[in-house]
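Residue 851 in this note's numbering sits at position 11 of the sequence shown, with consecutive numbering throughout. For each residue, glycine too, the CB sits at the ideal point set by N, CA and C. Report on one structure; see the data block that follows.
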Amino acid sequence: MFGLRNLLAHTYFDVDEAQIFNTCHHDIPELVTTVQKMIQDSQGQD
Numbered sequence: 841m842f843g844l845r846n847l848l849a850h851t852y853f854d855v856d857e858a859q860i861f862n863t864c865h866h867d868i869p870e871l872v873t874t875v876q877k878m879i880q881d882s883q884g885q886d
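What follows is the structure, given as structure tokens:
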């Protein structure tokens, strides 16, 4: 997922659709889970 914004912005016509699909369906859900856990952990430290 690192560098995806630059890839989309600067090499738009050379983007690999499979890479975008994999990012959307694999990397982003993992990121959401990680961030949710971080939020829960930080709320428990009060």
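Backbone CA spacing between residue i and residue j [nearest angstrom]
{"i": "proline 869", "j": "aspartate 856", "result": "20 Å"}
{"i": "asparagine 846", "j": "leucine 871", "result": "19 Å"}
{"i": "phenylalanine 861", "j": "phenylalanine 842", "result": "15 Å"}
{"i": "methionine 878", "j": "phenylalanine 853", "result": "36 Å"}
{"i": "alanine 849", "j": "serine 882", "result": "34 Å"}
{"i": "glutamine 880", "j": "glutamine 859", "result": "30 Å"}
Cut-off 7 Å between Cβ atoms - residues of its own chain near residue i, not counting five sequence neighbours on either side
{"i": "leucine 844", "result": "Thr863"}
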